[in-house]
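Q: Note that the protein sequences, when read in sequence, are chains D and Z.
Letter by letter, the first sequence follows residues 1 to 588 of the numbering used here.
Letter by letter, the second sequence follows residues 1 to 342 of the numbering used here.
Glycine is no exception: its CB is placed at the ideal position from the N, C-alpha and C atoms.
Dropping the structure in here first, questions after.
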Amino acid sequence: MATDNAAADGFGEVSRVRGIVFEYLSFGASVFGLVALGVLLVYVAVDAFDLANASPEWLLTYFLTLVVPFLGFCLYSADDPDVTRRAVVALGGGLVAVAALFTAVEALVAPIPRLNWQLAYLFVVAAPVTAYLAYVGSRGRVGGVGFGLLGRLIGGVAIGLAVGTLFLVLDPLVWFLAYTLGILPAVGLYALGRGRSSSRAQTAAAPIGLLGLVAAVFLRDVVPVFPSDLIIYLWTIAVPVAAAGAVLVAGRSGRTAAAVVGGVPLAVATAGGFLAAGAGLPAPTVLLVLVLTGVPTGVYVSRVVDVGEGLVGLGLPLLLAAGVVAGALIVEAWGVPAPDPWLDPSYLTEAPSRTPTEAGLYPAIVGSVIIIAMVAVLSFALGVGTSVFLEEYTPESGPLGTLTRILQVNVANLAAVPSVVYGLLGLGLFANLLGLGIGTAVTAALTLSLLILPITIISAQEAIRSVPDDLRRGSDAMGATRWQTTKNVVLPEAMPGILTGTILALGRAIGETAPLIMIGAATTVFRAPDSLFSRFSAMPMQIYTWAGFPQADFRYGVVAAGVITLLIILVGMNGTAILLRNRAERGS
Amino acid sequence: MASSHDTDATGITRRQSLAALGGAGALALAGCTQSGGDGGSGDGSDGGSGDGSDGELSGPINIAGSSTVFPLMSAVMEDFAEMHPGVDPDISSTGSGGGFSNFFCTGDTDFNNASRPIQPEEEELCAENGVEYVELIAATDAVTVVVNPEADFVDSLTTEELAQIWRSDPAQTWDEVRDEFPNEEIERFGAADTSGTYDYFIEAILGEEGHTSDYQATEQDNTIAQGVAGSEYAIGYFGFAYYFQNPDQLKALGIDSGDGPVEPSLETASSGEYTPLSRPLFTYPSISSLAEEHVAEFARYFVEQTTNEDLVAGDVGYVPATEETQEEQMATLEDAIEQAQG
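Structure follows, in structure tokens:
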């Protein structure tokens, strides 16, 4: 009793050691994977861009002409003395710290292969500081405008390239007919119906569009003469995009601005397309890139000019371009040895080769992009369909409810089935039984869609489940049918969550190799696939093969360039999806 | 707006000007048309230059099989694809056996590469599915036994010693193999049992004794090389190409089959001195595929290239065929093509 009383005196003490240890352990756990991956990516980037052979003078030149002005822009936009002070301290202090630490490690512990302290500084200090300042800067008015413009330029180029790639496998003639006979009349009718608020015209739009699509497929072999590909793309994509841009601007800033925003990019793109055709470049892709970059940029600039704030930001792309040009000129004049990156334009446009310097990834890039586009559409449609059915339409009790629960459990278990098994399923079901062909793009897309379907379904279900029931009841109380509730209330609310799940799943699909091997996808092809039924190779397949080649240049340089390309495409894809998601979030 | 005011003055109605514009536009468009006859898109043939004989060949060529033959075959394909823009070749590295049983003998590929001759059960499978084929020699490879460059104690091994190291009941330490070797444990890195190299190694060195399972098995030569480079007492074997491209990374052992040690090289393998580990590599075109002209032309081109030293030896690291072998192979091939097309 006496001891008990002694312990009960005052408040007693609880050791905080365990809590602190736990905190640091969890910190370590979160950092461990990131650091390991970071080190790997640094080496891959060093290999891909041949940075090990970049002289310090070369790095310094571009640091001064490109990075420093960019940081200056961000600091100007942030307009915060605290941030400026922190950035200067980090860059300056980081320089000293990294140089000292790196030299000490090399001298005392072991030499660090293929890195020097300048590169270490670049990756450990300069890159994170730049990213942080870009983030801070983008929240300012000027920075927001600058990054918005930059994003539209880069995004336009990326989307133009992606659309151009997709049209490699689509028959442009069918597309031309489908657009002219199906899509255009349907959209026109719908717009007319909205304008005159005639619901009959709106209802008629869908059947007429479908009719046109069916007619297009039949007429493809009947019509003897078609416009050339360039005219087709001009008519079906460039003109509508320009018109849409012009309409957007017309409502806000008048007809002249609208004509400029629509007309100038259209004229430039048309001219570019014909010039490219003359120069032997892929004219349709040039046309698409120019128009898909030009119109959104024009719309954005016109809006910024209207608002009249942060106009200086519009100079950001010019600043960066000037930095690149100035850097190149100085390097040229100075005669500084420049790195010879593996990841260069020819790598992205050439076929694989036995010579490392000539090897390219083009057919595999096209293969991957086409497959992922199909997987995105298929898995989104199937995933959302399934999850809406499971969440909104199935009863929760009774024998049907039991069935639903069994279905649920099985969907969850499917997510744990190894990818090789999906490959076997694809080989048996799609390639052999349905006769879609061994190693064809459509077989691969269907197989990969099945592979990620469980993930898509589960995440979409979670998103739909998290829509508050009050909203549904409210909609019911207004007299809405279940379909109206689902369409107008549940799906818009759940869309951000659904998109997040789909993004993660697609990231998995683009990197898969095992199912592709099982369905007999080619390791190496020398031409980009030109239809959904042609055999293809995907980026991970080609990269894996190169990693086994005897020449060291393949195993380091060419493979590293492939990894970076894969990552860039993945980031681009995720970026697009995240933008869509953010838009959906803002909308709801 | 302005033009409608001017209508009276110039005498041109809006309808007329529209018609004129439309007519001009139609004329302009007519210059940019294509026929809808074939499925191909119009922009593909940018050059269209006059080598008519090349332009005729078109169609896919599907090849699967051995990862050992893969670099050679894909190098030949690369050149062939460049010469014939209409041909669309693709190649998969599936391993000799995987290619036969999953793709070739089911009639899904035109060629199967193999680093060993086709085996009886594969012949049966092909016969069941009615797939006929012809055997062509692609090149000669020298299976190379490598040790760590630091391992000064060993420069060559006899075939018996090699068998002692790799048989199913293997020597555990180096001094069990030869007395003057150190008393250190042997670390083994070799080809996986799906590989043709594995089959060949058993046939040439081990015979009935069988292959040990106490080793690191892999399809990737890289992994073998890194394993051996990582330990002074390691030993491994793989195709010659890897050693040929990275001669400083590892030390190749001479093999003594009774006439003194012979080191692997293009010369010793070509002259037949490097026995018993020099082996022929094969490719098997299917007869029914040879009926298609572009496949037959590719097969001819491939046999022609088997004597190309720059390509076979320089770029890939195998031993080119002799003129004599090439003539025999070409004769076999022409017979098969005749059978297919005749």
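Measuring CB to CB, does Z/S66 end up less than 7 Å from Z/S96?
A: Going by C-beta atoms, Z/S66 is nearer than 7 Å to Z/S96.
Q: As an exercise, report each continuous alpha helix (DSSP H) stretch of at least 4 residues that is fully enclosed by the region 59 to 123 of chain Z, in chain order.
A: Whole alpha helix (DSSP H) segments, 4+ residues: 70 to 83.
Q: Quick check on the DSSP output: what are the complete beta strand (DSSP E) runs of length 3 or more inside the region 240 to 319 of chain D, in order along the chain?
A: Listed in chain order, nothing qualifies, since the region 240 to 319 of chain D has no complete beta strand (DSSP E) run of 3 or more residues.
Q: Anyone know if the C-beta pair for Z/F136 and Z/T283 falls short of 7 Å?
A: The residue asked about is misnamed: residue 136 of chain Z is Leu in this sequence, not Phe. The answer is yes: Cβ separation under 7 Å.
Q: What does Z/S168 touch in chain D if you count any residue whose Cβ is under 7 Å from its own?
A: Within 7 Å Cβ-Cβ: nothing; Z/S168 doesn't reach chain D, min ~28 Å.
Q: In whole angstroms, what is the alpha-carbon distance linking D/Q461 and D/E391?
A: Taking the straight line from one Cα to the other gives about 7 Å.
Q: Under the DSSP definition of a beta bridge, which residues are partnered with Z/G236?
A: Answer is Z/V146 and Z/F189.
Q: Chain Z partners of D/P454, CB-CB under 7 Å?
A: Chain Z residues near D/P454: none, gap ~27 Å exceeds 7 Å.
Q: What is the DSSP secondary structure of D/V525, counted as helix, strand or coil?
A: In the structure shown, D/V525 sits in a strand (DSSP, three-state: E or B).
Q: Bridge partners of Z/P280, per DSSP?
A: DSSP output for Z/P280 lists Z/T140 as bridge partner(s).
Q: Taking the Cβ atom as the reference point for each residue, do D/I564 and D/A48 lie within a distance shorter than 7 Å?
A: Yes.
Q: Going residue by residue through the region 463 to 504 of chain D, where are the continuous alpha helix (DSSP H) segments of at least 4 residues, counting only ones entirely within it?
A: The qualifying runs are 469 to 477 and 482 to 485.
Q: Thinking just about the alpha-carbon of each residue, which of Z/S231, Z/D199, Z/T140 and Z/G260 is nearest to the one in Z/E209?
A: Taking only the C-alpha atoms, the option nearest Z/E209 is Z/D199.
Q: Taking the straight line between their C-alpha atoms, what separation do you get for Z/A64 and Z/E122?
A: So the alpha carbons of these two residues sit roughly 15 Å apart.
Q: Using the DSSP secondary-structure output, state which residues sit across from Z/G254 in a beta bridge.
A: Note: Z/G254 sits in a beta bridge opposite Z/S156.
Q: Taking the straight line between their C-alpha atoms, what separation do you get for D/L504 and Z/I287?
A: One C-alpha to the other measures close to 46 Å.
Q: With H, G and I counted as helix, E and B as strand and the rest as coil, what does DSSP make of D/A415?
A: It is coil, neither helix nor strand.
Q: With DSSP run on the structure shown, which of helix, strand or coil describes Z/D43?
A: Low confidence applies to Z/D43: its pLDDT is 39, below 50, so where it sits in the model is not reliable, and the reading given next is rough at best. Three-state result, Z/D43: coil.
Q: Taking C-beta pairs closer than 9 Å, name the residues in chain Z that D/Q408 reaches, listed in chain order.
A: What D/Q408 touches in chain Z: nothing, since even the nearest Cβ is about 35 Å away.
Q: Look up Z/A340 in the DSSP assignment and say whether it is helix, strand or coil.
A: DSSP places Z/A340 in helix when its eight states are reduced to three.
Q: Could you tell me whether the Cβ of Z/N113 comes closer than 7 Å to any Cβ of chain D?
A: No, because no Cβ of chain D sits closer than 7 Å to the Cβ of Z/N113.
Q: For the region 294 to 309 of chain Z, which residues have a beta carbon sitting closer than 9 Å to at least one beta carbon of chain D?
A: Those residues of the region 294 to 309 of chain Z that come within reach of chain D (Cβ to Cβ, closer than 9 Å) do not exist; the list is empty.
Q: Output needed for Z/V76: all residues of its chain with C-beta closer than 6 Å, excluding positions within five of it in sequence on either side, in chain order.
A: Result list for Z/V76: F302 and Q305, in chain order.
Q: Confirm, please, whether the CB-CB distance from D/L451 to D/Y422 is below 7 Å.
A: Yes.
Q: Our contact map puts D/Q202 next to D/G212 with C-beta atoms below 8 Å; I'd like the distance itself, whole angstroms only.
A: Their Cβ separation, rounded to whole angstroms, is 16 Å, which puts D/Q202 and D/G212 out of contact at 8 Å.
Q: Span of the beta strand (DSSP E) holding D/V225?
A: That run of the beta strand (DSSP E) goes V225 to P227.
Q: So that I know if they touch, is there some Cβ in chain D lying closer than 7 Å to that of Z/N129?
A: Chain D, which has no Cβ nearer than 7 Å to the Cβ of Z/N129, makes this no.
Q: Count the other CB atoms, across all protein chains shown, that sit within 10 Å of the CB of Z/D315; report buried if there are 16 or more and exposed otherwise.
A: Buried, by the Cβ-count rule.
Q: Considering Cα atoms alone, identify which of D/R473, D/G439 and D/N488 is closest to D/T523.
A: Considering only alpha carbons, the answer is D/G439.
Q: Hey, how far is the Cα of D/G164 from the Cα of D/V157?
A: So the alpha carbons of these two residues sit roughly 10 Å apart.
Q: Is it a yes or a no for the region 431 to 445 of chain D touching the region 347 to 360 of chain D, going by three-plus beta-carbon pairs under 8 Å?
A: No, because fewer than three Cβ pairs between the region 431 to 445 of chain D and the region 347 to 360 of chain D fall closer than 8 Å, the two stretches do not touch.
Q: What is the DSSP secondary structure of Z/Y200, reduced to helix, strand or coil?
A: Correct three-state label for Z/Y200: helix.
Q: For D/D340, which residues of its own chain have a beta-carbon under 6 Å away from its beta-carbon, when the five flanking residues on both sides are left out?
A: Once the five neighbours on either side are set aside, the close Cβ partners of D/D340 are D50.
Q: Give the secondary structure of Z/Y133 by DSSP, where H, G and I count as helix, E and B as strand, and everything else as coil.
A: Three-state DSSP puts Z/Y133 in a strand.
Q: Measuring CB to CB, does D/G313 end up less than 7 Å from D/V145?
A: Their beta carbons are under 7 Å apart, which means D/G313 touches D/V145 by this criterion.
Q: Would you verify that the beta carbon of D/P540 is, or is not, closer than 7 Å to some beta carbon of chain Z?
A: With 7 Å as the cut-off, D/P540 does not count as an interface residue toward chain Z.
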